[in-house]
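Colleague: The structure's right below; bear with me while I get my questions together.
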RNA sequence: GGCGACGUACCCAAGUGGCUAAGGGGGAGGUCUGCAAAAUCUUUACGCGCCGGUUCGAAUCCGGCCGUCGCCUCCA
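Numbering (my numbering), first residue to last: 51 to 518.
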């Protein structure tokens, strides 16, 4: 199994520190607003990665941070006289709701930044003691990048090329060098009640320190995989490396995996540009959660994905293919004969799927394998009869696949509201009409049911129905 | 200026030296059907941004050009 490691810029054979066990850290949401589909693309990437690691029989310990304190949140709170928690609560809740909607498996631990201030303080103190960090007049503490020779190794920055930005002049916190970054921000009256009184002063943590502190706490000072969006490579992850490695004197992370952007009309979608699409809006527009999930997972994670409604429509139809396939599979005979051919096709499908995913999670190729399998089975069915054992075999294989995709057997909420007796009665009534060649009546019943979301299917051996 | 990604059919998208260039959506045609719908089957790129080069052989390697996008500032 190979993964593309941002650090080396190439695919590498994956070897965890501890055999059969993977320690995984993912940069999670900043809860100052609702997370949009771009955010969820990267969370779905992690979900696929994690599910695949489990598929490969690894035990996975997954940590995803919740950033519930940052400049924007503090500003909002101070303006409106909220406490941090009052403000961030609803976004946290919305985030977890959306995770559930999109069938994203939860991390084992979701540490909140505000609950780990003391861990951060200890880490910052360590950096102060080592002379790598320095304090400024306003009580802020900065990381001196010149004390960390490897600075820039993730982004491949040449320190001599790093020009002083114009922002330096207007920066609120006086620091020595433009690229020095804040570990701790000294308290300012406009911060209101959002501060911590600690051994290193009154204030609040910088953005990067939480990930260094919390990952070490839950996964150790060196761990296997760290994920995030490509935009986090610099400065966030670069700075995490600097902090952690300078403090601990150990390699921080073995494999860095970054998810490409989801774009909107050829431009990046971000909260600051205001061109955002949220999960709940798509659901309101009657798109199914599984279609959203499918769109987000169906393009390789290192490939830019341009989101569009056409893709969602296309995804709905693609997923219907799975439903129809499963539906047609009900039509088997109880012969208890197992077809060698089916076993063979199933095994090959699983093997090819795995081969594709082993290559840096090549999901497009893997999906191709699954669709080819459906076609093969359909073709087989056109000349042979499937037995109930064949059916079981096929379903089980698809279930193994769906442990990763999480989309084939995902039920729609609508399934629960069906009054089967009523439908069967209508079908009987219609078939009576058909027998009498009363097509008008038969069609009327069909139309009525269709309006309530029930689609009738006339087959040689009788009429059945599907839920639309 | 520094770092980086990408350009394959109408749309999305695999493929990174060698069987007839996966797969999904769409289109076209057939089967089935009272008719529909659905389903299913078949079909849909002599060519992979453009121009050169290397090679017996390139979408795939090398060089140049054109185009799109991203990071370098909060951002998944």
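Glycine included, every Cβ here is placed at the ideal spot set by N, Cα and C.
Just the Cα atoms here: how many angstroms apart are residue 249 and residue 171?
Modeller: By 1-based counting over the first chain, the position of residue 249 is 199. By 1-based counting over the first chain, the position of residue 171 is 121. Spanning the alpha carbons of residue 249 and residue 171 requires a straight line of approximately 8 angstroms.
Colleague: Bridge partners of residue 512, per DSSP?
Modeller: Translated into positions along the first chain, residue 512 becomes position 462. According to DSSP, which records beta bridges pairwise, residue 512 is partnered with 509.
Colleague: When DSSP labels each residue in this structure, what does residue 151 get in the three-state scheme?
Modeller: As a position in the first chain, residue 151 is number 101, starting the count at 1. If DSSP states are grouped into helix, strand and coil, residue 151 belongs with the helices.
Colleague: Since residue 419 is in the alpha helix (DSSP H), which residue starts that stretch and which ends it?
Modeller: By 1-based counting over the first chain, the position of residue 419 is 369. Element bounds for residue 419: 413–433.
Colleague: Taking residue 346 and residue 94 to be in contact with their CB atoms under 8 angstroms, please state how far apart those CB atoms are, rounded to whole angstroms.
Modeller: The residue given as residue 346 occupies position 296 in the first chain. The residue given as residue 94 occupies position 44 in the first chain. 5 angstroms between Cβ atoms; contact.
Colleague: What's the gap between the Cα of residue 440 and the Cα of residue 394?
Modeller: As a working note, residue 440 is residue 390 in the first chain. As a working note, residue 394 is residue 344 in the first chain. One C-alpha to the other measures close to 11 angstroms.
Colleague: Starting from residue 62, follow its DSSP beta bridges and name the residues at the other end.
Modeller: The residue you call residue 62 lines up with position 12 of the first chain. Beta-bridge pairing links residue 62 to 53.
Colleague: Residue 277 by DSSP, collapsed to three states: which one?
Modeller: Within the first chain, residue 277 is the residue found at index 227, counting from 1. It is a strand residue.
Colleague: Run through the region 336–366 for me and flag every whole alpha helix (DSSP H) of 4 or more residues, listed as ranges in chain order.
Modeller: 339–348
Colleague: Would residue 70 and residue 109 be called neighbours here (beta carbons separated by less than 8 angstroms)?
Modeller: Counted from its first residue, the first chain places residue 70 at position 20. Counted from its first residue, the first chain places residue 109 at position 59. Cβ atoms of residue 70 and residue 109: closer than 8 angstroms.
Colleague: Alpha carbon to alpha carbon, what distance is there between residue 78 and residue 118?
Modeller: Stepping through the first chain from its first residue, residue 118 is reached at position 68. Stepping through the first chain from its first residue, residue 78 is reached at position 28. Using only the alpha carbons, I get a separation of about 10 angstroms.
Colleague: Among residues of its own chain, excluding the 5 on either side of residue 72, which ones have a beta-carbon nearer than 8 angstroms to its beta-carbon?
Modeller: Counting from 1 along the first chain, the entry for residue 72 is found at position 22. The residues are 66, 103, 108, 109, 110, 111, 274 and 275.
Colleague: Using DSSP bridges, identify the partner residues of residue 127.
Modeller: On the first chain, residue 127 is found 77 positions in, with the first residue counted as 1. Looking at the DSSP assignment, residue 127 forms no beta bridge with any residue, so it has no partner.
Colleague: Taking the alpha-carbon positions, what's the residue 514 to residue 400 distance?
Modeller: Stepping through the first chain from its first residue, residue 514 is reached at position 464. Stepping through the first chain from its first residue, residue 400 is reached at position 350. Cα-Cα distance, rounded: 31 angstroms.
Colleague: Suppose you measure from the CA of residue 335 to the CA of residue 259; what does that come to, to the nearest Å?
Modeller: In the first chain, counting from the first residue as 1, residue 335 sits at position 285. In the first chain, counting from the first residue as 1, residue 259 sits at position 209. CA-to-CA, the gap between residue 335 and residue 259 works out to about 39 angstroms.
Colleague: For residue 368, which residues of its own chain have a beta-carbon under 6 angstroms away from its beta-carbon, when the five flanking residues on both sides are left out?
Modeller: The residue you call residue 368 lines up with position 318 of the first chain. Excluding five sequence positions before and after residue 368, none of the CB atoms of its chain fall closer than 6 angstroms to its own CB.
Colleague: Is residue 326 helix, strand or coil by DSSP?
Modeller: For the purposes of this step, residue 326 is taken as residue 276 along the first chain, with counting starting at 1. Coil.
Colleague: Suppose you measure from the CA of residue 261 to the CA of residue 356; what does that come to, to the nearest Å?
Modeller: For the purposes of this step, residue 261 is taken as the residue at position 211 of the first chain. For the purposes of this step, residue 356 is taken as the residue at position 306 of the first chain. Spanning the two alpha carbons is a distance of roughly 29 angstroms.
Colleague: How about residue 247 and residue 124: do their beta carbons lie closer than 8 angstroms?
Modeller: Sequence index remark: in the first chain, residue 247 carries index 197 (1-based). Sequence index remark: in the first chain, residue 124 carries index 74 (1-based). Contact: no.
Colleague: Need the endpoints of the beta strand (DSSP E) that residue 235 sits in, please.
Modeller: Residue 235 sits at position 185 when you count from the first residue of the first chain. It spans 231–236 - the beta strand (DSSP E) in which residue 235 sits, taken as one unbroken run.
Colleague: What are the residues that DSSP puts in a beta bridge with residue 255?
Modeller: Within the first chain, residue 255 is the residue found at index 205, counting from 1. Answer is 234.
Colleague: May I ask you to verify whether the region 464–483 touches the region 405–421, counting CB pairs closer than 8 angstroms and requiring at least 3?
Modeller: no
Colleague: Identify every run of the alpha helix (DSSP H) within the region 282–321, keeping only runs that are complete inside it and at least 4 residues long; order them along the chain.
Modeller: 288–298
Colleague: In chain order, what residues of the same chain have a beta carbon less than 8 angstroms from the beta carbon of residue 284, not counting five sequence neighbours either side?
Modeller: Translated into the one-based positions of the first chain, residue 284 becomes position 234. Sequence-distant Cβ neighbours of residue 284 in its own chain, meaning closer than 8 angstroms and more than five residues away, are 204, 205 and 207.
Colleague: Within 10 angstroms of its Cβ, does residue 161 collect 16 or more other Cβ (buried), or is it exposed?
Modeller: Reading the first chain from its first residue, position 111 is the one you call residue 161. By the neighbour-count criterion, in which 16 or more other beta carbons inside 10 Å mark a residue as buried, residue 161 falls on the buried side.
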